[in-house]
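Top line first, the protein sequences correspond to chains H and B.
For the first sequence, full-length UniProt numbering begins at 1 and goes up steadily by one.
For the second sequence, full-length UniProt numbering begins at 1 and goes up steadily by one.
For each residue, glycine too, the CB sits at the ideal point set by N, CA and C.
As structure tokens, the structure follows; a few thoughts come after it.
Number of protein chains: 2
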Amino acid sequence: MPLEIRPSQALKLWRQVHLDLVRDHDADLSARQTAILLTVYLELPPHTVRGLAQQLGVTKPVITRALDTLGKLGLLTRKRDEADRRNVVIQRTVAGALAVERLADLVTEHAREIGGS
Amino acid sequence: MPLEIRPSQALKLWRQVHLDLVRDHDADLSARQTAILLTVYLELPPHTVRGLAQQLGVTKPVITRALDTLGKLGLLTRKRDEADRRNVVIQRTVAGALAVERLADLVTEHAREIGGS
DNA sequence: GGATAATGATACGGGTCCGTAACGATCTGG
DNA sequence: CCAGATCGTTACGGACCCGTATCATTATCC
Numbered sequence: 001m002p003l004e005i006r007p008s009q010a011l012k013l014w015r016q017v018h019l020d021l022v023r024d025h026d027a028d029l030s031a032r033q034t035a036i037l038l039t040v041y042l043e044l045p046p047h048t049v050r051g052l053a054q055q056l057g058v059t060k061p062v063i064t065r066a067l068d069t070l071g072k073l074g075l076l077t078r079k080r081d082e083a084d085r086r087n088v089v090i091q092r093t094v095a096g097a098l099a100v101e102r103l104a105d106l107v108t109e110h111a112r113e114i115g116g117s
Numbered sequence: 001m002p003l004e005i006r007p008s009q010a011l012k013l014w015r016q017v018h019l020d021l022v023r024d025h026d027a028d029l030s031a032r033q034t035a036i037l038l039t040v041y042l043e044l045p046p047h048t049v050r051g052l053a054q055q056l057g058v059t060k061p062v063i064t065r066a067l068d069t070l071g072k073l074g075l076l077t078r079k080r081d082e083a084d085r086r087n088v089v090i091q092r093t094v095a096g097a098l099a100v101e102r103l104a105d106l107v108t109e110h111a112r113e114i115g116g117s
């Protein structure tokens, strides 16, 4: 059973959630950073720099820098892979899980408000 | 009739759309820029710097700079208000309307894909 | 008309991010 | 064991954005 949503509703939803994110002084994440954050929290581990770069279609330094920022915000951490010490494994944090959960609530709540318009 | 969506679906939707935005090399807009763009295209004109600053809860230079960027991308333009020449009216553009429409399609399409999960 | 208020833009010092190119560390295979 | 491949990070010059304070322009009101 598909999720029914019309273009006009989609835009209202997108706008309202972004307004909330901005007004709550949640860090002003870019589209790239958001994509990385959600990929780490929704897809099965392990997550590596190279893997994320491939999934997003960007270069590795872009991922490294985004991880610097997201790490500074406490939304995730890095750990050396002991099996193959060339790799770095990106791990979730409590703060990151809370932020993602909060985003989910924001979206669902605004979706309910919008309703049939 | 409210728009039914569960938190897990909301997150999947949010991630998929952001992944598409990143992969298509659509300009990597921040949450603030997105909020401004959608406000201009969804709310009734006229839009001013001061009005947008109030709605987003940010200072005026933030709006000015965002308009610089969005203007450079061709997504909207500024025009002096002839009635009160202190004001600047933010106007929509064809390219901006297309980008917004494309975002709407992206959201609706991914919503359909996600369905009952 | 002249003081006051309001609007949007700009200056500033500091931080972040960009893409390209190079780098050190680590693994792999002959 | 050592050349080559692979991983993530860093260096670099340039562009953008931040928040605060200030600016020029325009309108208002006595």
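Would you say residue i reaches chain H, if we count a Cβ-Cβ gap shorter than 8 Å as a contact?
i         : result
Leu42(B)  : yes
Gly115(B) : yes
Gln9(B)   : yes
His47(B)  : no
Lys72(B)  : no
Arg86(B)  : no
Thr39(B)  : yes
Pro29(B)  : The sequence shown places Leu at residue 29(B), rather than the Pro named in the question. True, the Cβ-Cβ gap to chain H drops below 8 Å.
Restricting to Cα atoms, I'd like to know which of the options is closest to residue i.
i         : options                                 : result
Thr59(B)  : Val22(H), Arg78(H), Tyr41(H)            : Val22(H)
Asp28(B)  : Arg32(H), Glu43(H), Ala27(H), Ala104(H) : Arg32(H)
Arg85(H)  : Asp26(H), Ala99(H), Thr48(H)            : Thr48(H)
Arg102(B) : Glu4(H), Trp14(H), Leu3(H)              : Trp14(H)
Leu37(B)  : Glu113(B), Ile114(B), Leu98(B)          : Leu98(B)
Which residues does DSSP pair with residue i in a beta bridge?
i        : result
Leu76(H) : Arg92(H)
Ser30(H) : Ser30(B)
His47(B) : Ile90(B)
Round the Cβ separation of residue i and residue j to the nearest angstrom and send it over; I've been treating them as touching at under 8 Å.
i         : j        : result
His110(H) : Gln16(H) : 4 Å
Leu76(B)  : Thr93(B) : 6 Å
Under 8 Å between C-beta atoms, does residue i make it to chain B?
i        : result
Gly51(H) : no
Lys79(H) : no
Ile5(H)  : yes
Thr59(H) : no
Ala66(H) : no
Leu21(H) : yes
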